[in-house]
Every structure is written in structure tokens, then in C-alpha cells.
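Colleague: Numbering-wise, the sequence shown is residues 1 to 703 according to the UniProt record's numbering.
For reference, the structure I am asking about is given below.
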Amino acid sequence: EPFVADEYIERLVWRTPGGGSRGGSEAFDPKRLLEEFVNHIQELQIMDERIQRKVEKLEQQCQKEAKEFAKKVQELQKSNQVAFQHFQELDEHISYVATKVCHLGDQLEGVNTPRQRAVEAQKLMKYFNEFLDGELKSDVFTNSEKIKEAADIIQKLHLIAQELPFDRQVYFSRANLDIWCKYHDLECQLIQEFTSAQKKGEISRMREVAAVLLHFKGYSHCVDVYIKQCQEGAYMRNDIFEDAAILCQRVNKQVGDIFSNPETVLAKLIQNVFEIKLQSFVKDQLEECRKSDAEQYLKNLYDLYTRTTNLSSKLMEFNLGTDKQTFLSKLIKSIFISYLENYIEVETGYLKSRSAMILQRYYDSKNHQKRSIGTGGIQDLKERIRQRTNLPLGPSIDTHGETFLSQEVVVNLLQETKQAFERCHRLSDPSDLPRNAFRIFTILVEFLCIEHIDYALETGLAGIPSSDSRNANLYFLDVVHQANTIFHLFDKQFNDHLMPLISSSPKLSECLQKKKEIIEQMEMKLDTGIDRQTLNCMIGQMKHILAAEQKKTDFKPEDENNVLIQYTNACVKVCAYVRKQVEKIKNSMDGKNVDTVLMEFGVRFHRLIYEHLQQYSYSCMGGMLAICDVAEYRKCAKDFKIPLVLQLFDTLHALCNLLVVAPDNLKQVCSGEQLANLDKNILHSFVQLRADYRSARLARHFS
1 EPFVADEYIE RLVWRTPGGG SRGGSEAFDP KRLLEEFVNH IQELQIMDER IQRKVEKLEQ
61 QCQKEAKEFA KKVQELQKSN QVAFQHFQEL DEHISYVATK VCHLGDQLEG VNTPRQRAVE
121 AQKLMKYFNE FLDGELKSDV FTNSEKIKEA ADIIQKLHLI AQELPFDRQV YFSRANLDIW
181 CKYHDLECQL IQEFTSAQKK GEISRMREVA AVLLHFKGYS HCVDVYIKQC QEGAYMRNDI
241 FEDAAILCQR VNKQVGDIFS NPETVLAKLI QNVFEIKLQS FVKDQLEECR KSDAEQYLKN
301 LYDLYTRTTN LSSKLMEFNL GTDKQTFLSK LIKSIFISYL ENYIEVETGY LKSRSAMILQ
361 RYYDSKNHQK RSIGTGGIQD LKERIRQRTN LPLGPSIDTH GETFLSQEVV VNLLQETKQA
421 FERCHRLSDP SDLPRNAFRI FTILVEFLCI EHIDYALETG LAGIPSSDSR NANLYFLDVV
481 HQANTIFHLF DKQFNDHLMP LISSSPKLSE CLQKKKEIIE QMEMKLDTGI DRQTLNCMIG
541 QMKHILAAEQ KKTDFKPEDE NNVLIQYTNA CVKVCAYVRK QVEKIKNSMD GKNVDTVLME
601 FGVRFHRLIY EHLQQYSYSC MGGMLAICDV AEYRKCAKDF KIPLVLQLFD TLHALCNLLV
661 VAPDNLKQVC SGEQLANLDK NILHSFVQLR ADYRSARLAR HFS
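Listed below in C-alpha cells is the structure:
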């Protein structure tokens, strides 16, 4: 514990007799305590001196040992320097000796190499003499177990025989023939032994024989034998592509243990598989349907090409040399080049015939003979006239409510085109892909947009009844609804399947322009059918209802006190008809088109009711009934959810109040919020409809 002086003195006081101030048998004795303090101080001084002497002694000893250690370190440094010098001298000596040894080795090698060559040449000359004598006596040629050594010798003798002087060919002819025969025999024996080892699965023996044959001309034949035997029993499944992949994986694992150039052997195996097995299989699959069944031919071509490229992707994992991508691409091209050259012609021809058949089958199912629609300048002129007038341009057609649009037909056309785009993407050369995709797109536009949608719009326009027809079937909105749905599907396919194929080519702007023209052309016809004709027919139907159901006595009843109805029968039927048409419009269109058409319909609806009300004279009770009718029309207008239409009917309702308001309040009502901004002639025209208008009092209040 740390030393605390106060506590130390306190303990000393308590231990001293007479030093305490509380309790105890002895009283406090200051003298005795002082004496104890003096004695204790002396003891502490003595202890301090003793400890100080001990510290000085230890310091002296430490200084002495430090000097001895420093001296020892200096001695070690000197001995280390001496040792380092010795090591340097030894290293120089070792380097000198090593140089001498290397020089001596070079000299020995320079002497030994010619000697070895001379010995080897002597042996070859000995063996060559045996061939000159026509009798092979050496054990290396007669012992079948020494075939490896014999092969090495005969291979060298074969090279020597080819270098013999031409003017001595007659002398050496027999020896040359015997050497060639022996060369050929040994080559055949080695290949036979390699074949036997392969059948037994003796990889080490195959490796030894392959290493010997490497210097023979028949080495390639050895590789061919290996490739041939590898494929025996390899194609047992129904899927030749899967079999080929498994074969190559199996060979890839063992070829490195057998041949010194495994990548070359594996590449030759793959080339053999592609050029013989796959090419034969592809030809059998395609040639039988190439001329007779275009659909099956295209499906088979796409499937076979896809499976071949997938196989090529698997083979990319193997070591096939430096440029394996180009190697495999050339193999695929060699198989399919004759089919890909005219692919797009077959594709477009099939797509046209298939699309025409789908459309014709649909029209046949409807017992409809498709009529021709004009094209070019005459059709454009008719379209401009149709936009500016309500005149029917051509004979009216009774379609019996048939839209001549079929989602099933559209789905079939889009499905065929989708498959064509997929085949185009896979089978087209990258440089031809945008152009080929554009050709397929133009066929889709021709048959889907022009031959089907545009034809249905033209037929629908021709089938719209005139505005004065009664009980007309306004099925053109069904045409609009179906055309809208179909065009959404067309647009989705354009974005999903065509855009990726042309996005980075000049054909993109061309396709977008063509699509824009088609959209504008169809929107123009849809607008013509809806705005100029269908809405006119709706208003015409409503006019017929009002003319047939509205009676003059409705607003000027004979018995003013016996009117039991809340609104007229004409109003009920018109509102029912309007609600039905509003629902139909909402179901037929989407987006802003709904609001645009409903606003136009609402404005015409208001104009019709406004003009209709102007035809009658109103008694007080009749005016109340007219207000009820307009209130019902206004309730119907709320279904439009168009602020302008509701505002128009609110104003019309306020105008109808002029039919019943007391003469004294006419000016006050006319200056109200809803009527203050209206032309005075409009207000006057409604006041004139009152049965009591000719009274002097009413005329005076309104003037």
C-alpha cells in the first residue's frame, strides 16, 4: 500500500503507552509521547542511512557490469567482422571452383557428345549393314519385346535411307526397300498394340506407344484409330448432341494422359464429330422436309442450330488451342451454311403463306367473302373526304354486328411472328439481322395491321348506319375496343421482340416511322368512325326516341292539377340509352381517349336536349316537369365525369327555372351566378317558351 504519513503517526501514537486520549488504563503523557517520537525519528534516520549505502553499492555494481558488457560487445563485433571477411573469401573461392567445374564440364561434354554420336552412328552403320546383307541378326529386330528400341532405330535408318546419294540408288535399293518394309511393319505393330491397349483400357501402355509413334508418319493414323474407337458405342441415346457432349468430356479427361499434344487430338475428335456424325444427322433431319413442309423445316433448322450452338458452348470449356471460338464457329458454319444462305427467303415465304391461311380460315368460318379495299391515291382522297363530311363513300354493308376482328387470329399471327423473330435472331448473320428482322416486321404489318385491323375498320366504317336510321346497331365501338386491345398486343411484340434486334442499326428509325404511320392511319379511321359517324348515330337514335316519345301535352297538360309523373317517358328512355352508350364507350377505350369521346358526346347530348326543349311551349306545371327532366339529364351527365358536360347541364337546368319563376322574380333569376354571363337572347328565347309569355305583365318584367 502507498505510504501515508498521517496514518503512520496515528498508528505510532496508539501503540505508545500514554499516547491515547480516549479510554485505556493510562492517562495521556505528552513527555512519554515526545520521547517515543524522538527515538522513532532516530531509528528512521539510521534506516535511511543503511538503505542509502545499499543503493550506492548497487549503483556501483551496475556501472561495473555495464562496462564489462560494453567491452564484451566490442570484442564480439571484432570477431564478427573477422568471420564476415572469412565468408567473403570462402564465397570467392567457391565461385572460382564452380567456374572451373563448369568449364571442365563443357570440355567433357564437347568431347563426349561427338563420341556418343560416333557410337550411335557406328550402331546405325552396323544395323544398316544387316539390311545391306539382307539378314537381320540383331536381337533388337528379332525380339518382339524390344519393339520400342527397334522403332527408334528403324525410324533413324528410314531418315538415313532418304538421304543416300542418288547415283548409288541401285546399290542401296534392296536395303532401302527392306528398311521401308520394316518401318511399315513396325508402324503397323505399334498401331495394333495401341489399339489393343485402348480396348483393354491400359492408359500407361497407350502413352508409351503414342510417344514412340510420335516420330512416325503413321502418328496421325494412331490418332484416327483412337478417335474411331472412342466413338464406338458412344451414341446409344436418342439425343446425339448429349451423347457428343458426354463423349468429349470423357475423352478430355484421359487424352492428356496419353498424347503429348492433347489439345490437337481433342480438336480433331470434335471436328470428326461435327463433320461426320452431326452433319449427317442434320442433313437427314432437314432434307426430308426442306421442300415438302416449310414449317417443320424451319422448326427443325432452329432446333438443330440451337442444340449445335449449345454443344459448342459446352465444348468451349476444353483446351482446343489458341482460337477455339473461331474453330467451333467454322465447324458450325460448315454444317449449316447451305441452309442459312436462303433462310430468310424460306422464313418470309412461309410467314406470308401461314398468315394468309390464318386470315382466310377465319373469314371462311364467318362465311365472309373478303372485299377489296382500294389503296394509293384514291383511298387517301376518300379518307380526306370522309374526315370532312358525313357522306358514306361506298355502299353500306350490313355486317350483322360482326366486328371481323378476332383475338384468336391476332394471337396466332403474333405467335407465328414471335417464332419468326426468334429464328431470325438465332439463324441470321449479325450483319443481316436488322434487315431480316425488318422484313418479318413488314409482313406482320401487312397481315395484322392492314389485312386484318385496317380491313375491319374499313368494313366497320362502311357498316355504320346513317344518323337518321332507327334502332341501328352501333357495333363500331366494339370494333374500337377490339382494335385497341389488338394494337396493345402489337405494340408489346414490337418492343419485346423486334426492338432488341434492330436497336443499334439504321433500321430502327425505319421501323419506328412505319409504326408511326400505321398508328396515325388507324387513329384517323377510328376518329372518323367515332366522331363523324358513331356519335352522329347515337344522337340520331336519341332524336328518334324524343320524337317518338315526347308529346306536346307533356309540358302543357290539359289538367294542371292532375300530373302524377316525376319526369317524362322520353326522358326515361333517353337517359337509359345514354347510360348504356357511356358504359360502352368506357369499355371500348382507355386513357385520354375516353374523356375526349365522352366530352364530345356530352356536348352533343346537351345541344340535342337544348334544341329539343326549344320546340315546346310550357305551362307552369309543364315547366316543372321540364325541370325534372333536365335534372334527370343532369344526373345522367354526372356519369360522364367530365366537368364541362356537367357545367352545361347545370346551366340548362338554371335556364329551365325561367319557365316557372314568378314574373316579378325574372330579373333576379337572370342575374344569378349561372345565368349572368349568358347572352340575353338565349335568356329571352327560354322566357318566350312560357305559355304566359304574351301577357303584358310578363313582357313588361322581362323587358
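For glycine and all other residues, C-beta sits at the position ideal for the given N, C-alpha and C.
#1: Here's the rule I'm using: 16 or more other beta-carbon atoms within 10 Å means buried, otherwise exposed. How should residue 316 be labelled?
#2: Output yes or no for whether 9 Å exceeds the beta carbon distance between residue 440 and residue 301.
#3: How close, in whole Å, do the beta carbons of residue 687 and residue 658 come, if the pair is a contact with beta carbons under 8 Å?
#4: Determine the direct distance from the alpha carbon of residue 418 to that of residue 778, and round the result to whole angstroms.
#5: Classify residue 237 as helix, strand or coil using the three-state DSSP reduction.
#6: Judging by CA-CA distance, which residue of 494, 486, 299, 65 is the nearest neighbour of residue 427?
#7: Note down the Cα distance separating residue 711 from residue 357, rounded to an integer number of angstroms.
#8: Have a look at the DSSP bridge pairing and note the partners of residue 618.
#9: Rounded to whole angstroms, what's the CA-CA distance from residue 105 to residue 267? Just pull it up for me.
#10: Does the distance from the CB of residue 595 to the CB of residue 484 come in under 9 Å?
#11: Between which residues of its own chain and residue 245 is the CB-CB distance below 8 Å, once the five residues before and five after are set aside?
#12: Which residues bound the alpha helix (DSSP H) around residue 527?
#13: Exposed or buried, what is residue 385 when buried is set at 16 or more other beta-carbons lying within 10 Å of its beta-carbon?
#14: Should residue 534 and residue 608 be called a contact, given that it needs their Cβ atoms to be closer than 9 Å?
#15: Could you have a look at residue 452 and say whether DSSP puts it in helix, strand or coil?
#16: Looking only at its chain, what residues have a beta carbon closer than 8 Å to the beta carbon of residue 438, apart from the 5 residues adjacent to it on each side?
#17: What are the start and end residues of the alpha helix (DSSP H) that includes residue 599?
#18: If we count the other Cβ atoms within 10 Å of its Cβ and call it buried at 16 or more, is residue 322 buried or exposed?
#19: Are there 16 or more other CB atoms within 10 angstroms of the CB of residue 223, so buried, or fewer, so exposed?
#20: For residue 625, which of 656, 221, 605 has the nearest alpha-carbon?
#21: Rounded to whole angstroms, what is the Cα-Cα separation between residue 549 and residue 402?
#22: Tell me whether residue 23 is buried or exposed, calling it buried when 16 or more other Cβ atoms sit within 10 Å of its Cβ.
#23: Excluding the 5 residues preceding and the 5 following residue 584 in the sequence, name in chain order all residues of the same chain whose CB lies nearer than 6 Å to its CB.
#24: At the level of alpha carbons, what is the spacing between residue 88 and residue 263?
#25: According to DSSP, simplified to helix, strand and coil, what is residue 504?
#26: Tell me whether residue 17 sits in a helix, a strand or coil according to DSSP, three-state version.
#27: In whole angstroms, what separates the C-alpha of residue 542 from that of residue 420?
#28: Leaving out five residues on either side along the sequence, give the residues of the same chain with a beta carbon under 8 Å from the beta carbon of residue 294.
#29: So is residue 458 buried or exposed if we call it buried at 16+ other beta carbons inside 10 Å?
#30: Given that a residue counts as buried once 16 or more other Cβ atoms are within 10 Å of its Cβ, and exposed if not, what is residue 9?
#31: Any idea what DSSP makes of residue 475, helix, strand or coil?
#32: Ends of the alpha helix (DSSP H) at residue 268?
#33: Note the first and the last residue of the continuous alpha helix (DSSP H) segment covering residue 348.
#34: Should residue 368 go down as buried or exposed, given a rule of 16 or more other Cβ atoms within 10 Å for buried?
Modeller: Looking at the coordinates:
#1: Position 316 of the sequence shown, counted from the start, is the residue given in the question as residue 316. When all chains shown are included, residue 316 counts as exposed.
#2: To locate residue 440, count along the sequence shown from 1; it is residue 440. To locate residue 301, count along the sequence shown from 1; it is residue 301. Contact: no.
#3: Taking the first residue of the sequence shown as 1, we reach residue 687 at position 687. Taking the first residue of the sequence shown as 1, we reach residue 658 at position 658. About 5 Å; that satisfies the 8 Å criterion.
#4: Lying outside 1 to 703, the shown extent of the chain, residue 778 is not represented and no answer is given.
#5: As a working mapping, residue 237 is identified with position 237 in the sequence shown. Coil at residue 237, not helix or strand.
#6: On the sequence shown, position 427 is the one that residue 427 refers to. When only C-alpha atoms are compared, the closest one is 299.
#7: Any property of residue 711 remains undetermined from this structure, which presents the chain solely from 1 to 703.
#8: Numbered from its first residue, the sequence shown carries residue 618 at position 618. Bridge partners of residue 618: 690.
#9: For this step, residue 105 is matched to residue 105 along the sequence shown. For this step, residue 267 is matched to residue 267 along the sequence shown. Between residue 105 and residue 267, the C-alpha separation is close to 44 Å.
#10: Start at 1 with the first residue of the sequence shown, and residue 595 comes out as number 595. Start at 1 with the first residue of the sequence shown, and residue 484 comes out as number 484. No, they are not a contact pair.
#11: As a position in the sequence shown, residue 245 is number 245, starting the count at 1. Result list for residue 245: 311, 314, 315, in chain order.
#12: Here the question's residue 527 lines up with position 527 in the sequence shown. Segment 507-527, the alpha helix (DSSP H) holding residue 527.
#13: Residue numbering aside, residue 385 sits at position 385 when the sequence shown is read from its first letter. With a pLDDT of only 49 at residue 385, under the threshold of 50, the placement of this residue in the model should not be trusted; the figure read from the coordinates follows. Exposed, since its Cβ has fewer than 16 Cβ neighbours within 10 Å.
#14: For this step, residue 534 is matched to residue 534 along the sequence shown. For this step, residue 608 is matched to residue 608 along the sequence shown. No; because the gap between Cβ atoms is not below 9 Å, this pair is not in contact.
#15: In the sequence shown, residue 452 corresponds to position 452, counting from 1. Looking at residue 452 - three-state DSSP - the assignment turns out to be helix.
#16: On the sequence shown, position 438 is the one that residue 438 refers to. If we look at residue 438 and ignore the five residues flanking it on each side, its Cβ neighbours are 502, 507, 510, 511.
#17: As a working note, residue 599 is residue 599 in the sequence shown. Here the alpha helix (DSSP H) through residue 599 covers 592-613.
#18: Reading the sequence shown from its first residue, position 322 is the one you call residue 322. By the neighbour-count rule (16 or more Cβ atoms within 10 Å), residue 322 is not buried but exposed.
#19: Start at 1 with the first residue of the sequence shown, and residue 223 comes out as number 223. Classification of residue 223: buried, given that the 10 Å Cβ count is 16 or more.
#20: Stepping through the sequence shown from its first residue, residue 625 is reached at position 625. Per the Cα distances, 656.
#21: Counting from 1 along the sequence shown, the entry for residue 549 is found at position 549. Counting from 1 along the sequence shown, the entry for residue 402 is found at position 402. Approximately 30 Å, taken between the alpha carbons.
#22: Start at 1 with the first residue of the sequence shown, and residue 23 comes out as number 23. Any reading at residue 23 must be qualified, since the residue scores a pLDDT of 46, below 50, and its modelled position is unreliable; the value itself is stated next. It is exposed - the Cβ of residue 23 has fewer than 16 other Cβ atoms within 10 Å.
#23: Position 584 of the sequence shown, counted from the start, is the residue given in the question as residue 584. Taken in chain order, the residues that qualify are 477.
#24: Locating residue 88 in the sequence shown gives position 88, counting from the first residue. Locating residue 263 in the sequence shown gives position 263, counting from the first residue. Their backbone Cα atoms lie some 52 Å apart in a straight line.
#25: For this step, residue 504 is matched to residue 504 along the sequence shown. Residue 504 falls in the coil class under three-state DSSP.
#26: Walking along the sequence shown from the start, residue 17 turns up at place 17. Coil.
#27: Position 542 of the sequence shown holds residue 542. Position 420 of the sequence shown holds residue 420. Distance between the alpha carbons of residue 542 and residue 420 is about 50 Å.
#28: The residue you call residue 294 lines up with position 294 of the sequence shown. Here the set comprises 346, 349, 350, 353.
#29: To locate residue 458, count along the sequence shown from 1; it is residue 458. Residue 458 is buried by the Cβ-count criterion.
#30: What you label residue 9 is simply residue 9 of the sequence shown in a count that begins at 1. Exposed.
#31: As a working note, residue 475 is residue 475 in the sequence shown. Note: residue 475 maps to coil in three-state DSSP.
#32: On the sequence shown, position 268 is the one that residue 268 refers to. Note, residue 268: alpha helix (DSSP H), 262-272.
#33: Counting from 1 along the sequence shown, the entry for residue 348 is found at position 348. Unbroken alpha helix (DSSP H) run through residue 348: 343-365.
#34: As a first step, residue 368 is located in the sequence shown; it is residue number 368 there, counting from the start. By the 10 Å Cβ count, residue 368 comes out exposed.
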